[in-house]
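Structure first, then comments.
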Amino acid sequence: MLIKQAEFVKSVADNNFYQSDMSEIAFVGRSNVGKSSLINFITNRKKLAKTSSTPGKTKLINYFIINNSFLLVDLPGYGYAEVSKKEKTNWAKYLEEYLRTSKNLKCVYLLLDIRRTPTNQDEQMLEFLYFNRIPCKVVVTKIDTLSRSQVASHLIIICNKLGLNKEDIIVTSSWDKKGLDALLKDIEHYVSS
3 MLIKQAEFVK
13 SVADNNFYQS
23 DMSEIAFVGR
33 SNVGKSSLIN
43 FITNRKKLAK
53 TSSTPGKTKL
63 INYFIINNSF
73 LLVDLPGYGY
83 AEVSKKEKTN
93 WAKYLEEYLR
103 TSKNLKCVYL
113 LLDIRRTPTN
123 QDEQMLEFLY
133 FNRIPCKVVV
143 TKIDTLSRSQ
153 VASHLIIICN
163 KLGLNKEDII
173 VTSSWDKKGL
183 DALLKDIEHY
193 VSS
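Residue numbers (our numbering): 3 to 195.
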């Protein structure tokens, strides 16, 4: 798949989700895992999704229309400690509602930072997706920050923690464009099925 067109459509802060007949692909993960960078990477647009070195920047559900054919949905990051308990509860509530109720959701990509061991929240998110029979894939980000041998050993840790095989994981780096073709091919599979 070649992404020729990508535009921001709408942000929502509650359960007033964007309604359309288009397929949806969603990205979810801990705060500061690189969701916005990955969106910019696959769309080849430097500032389509706002990036920040400050965790917790994505507080809304952001919708982007891709190639006038499907929606890419950037979900709020979880696990950010400096957000109030009330705000965390609100995020979790409408994130869960979106995942349970979206009729057009084709796949959720759970993003993990290669440098971090998956947290209980990452495990819970994966279990939630499995339990609700929501198609999902794990995408590992920021592999450019480690050596090749470190990437291999960290992948083993991630696989063991989440009960996955290496073949179940898409490995990416938005810095040096690794994994772009594999991720776009996977997305194309879901939006065309």
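All C-beta atoms in this analysis are idealised placements derived from N, C-alpha and C, irrespective of residue type, glycine included.
Every value quoted in this text rests on a predicted model; they were computed, and no experiment measured them.
Do residue i and residue j have their CB atoms nearer than 9 Å?
i: residue 141; j: residue 100; result: no
i: residue 74; j: residue 103; result: no
i: residue 66; j: residue 24; result: no
i: residue 181; j: residue 189; result: no
i: residue 109; j: residue 20; result: no
i: residue 131; j: residue 164; result: no
i: residue 114; j: residue 14; result: no
i: residue 8; j: residue 68; result: yes
i: residue 116; j: residue 148; result: yes
i: residue 139; j: residue 170; result: yes
i: residue 28; j: residue 77; result: yes
Apart from the five residues on each side of it in sequence, which residues of its chain come closer than 7 Å, Cβ to Cβ, to residue i?
i: residue 168; result: 157, 161
i: residue 119; result: 159, 163
i: residue 55; result: At residue 55, the pLDDT of 49 sits below 50, so the modelled position is not reliable and the matter cannot be decided from this model.
i: residue 136; result: 101, 107, 110
i: residue 31; result: 37, 79, 112, 113, 114
i: residue 4; result: none
i: residue 97; result: 77, 78
Which of the three DSSP states is assigned to residue i in this structure?
i: residue 23; result: coil
i: residue 178; result: coil
i: residue 191; result: helix
i: residue 151; result: helix
i: residue 257; result: Because the chain here runs from 3 to 195, residue 257 falls outside it and cannot be looked at.
i: residue 119; result: coil
i: residue 68; result: strand
i: residue 57; result: Note that residue 57 scores 47 on pLDDT, short of 50, meaning its location in the model is unreliable; the coordinates nonetheless yield the value given after this. If DSSP states are grouped into helix, strand and coil, residue 57 belongs with coil.
i: residue 50; result: coil
i: residue 135; result: coil
i: residue 114; result: strand
i: residue 168; result: helix
i: residue 63; result: strand
i: residue 74; result: strand
i: residue 97; result: helix
The alpha helix (DSSP H) that contains residue i, what's its start and end?
i: residue 45; result: 37-45
Between which two residues does the beta strand (DSSP E) harbouring residue i extend?
i: residue 139; result: 138-143
i: residue 171; result: 171-173
Suppose the cutoff is 8 Å on Cβ atoms and the five residues either side in sequence are ignored; what does the same chain contact list for residue i look like?
i: residue 263; result: Outside the displayed span of the chain (3 to 195) sits residue 263, for which this structure offers no information.
i: residue 178; result: 146
So residue i and residue j are in contact, right, with Cβ under 8 Å, and what is the actual spacing, rounded?
i: residue 40; j: residue 121; result: In fact, because the Cβ distance is near 19 Å, the residues do not count as touching under 8 Å.
i: residue 174; j: residue 185; result: 6 Å
For chain B, check one thing: does any of its Cβ atoms lie closer than 9 Å to the Cβ of residue i?
i: residue 180; result: No chain B appears in the structure shown, which is made up of a single protein chain.
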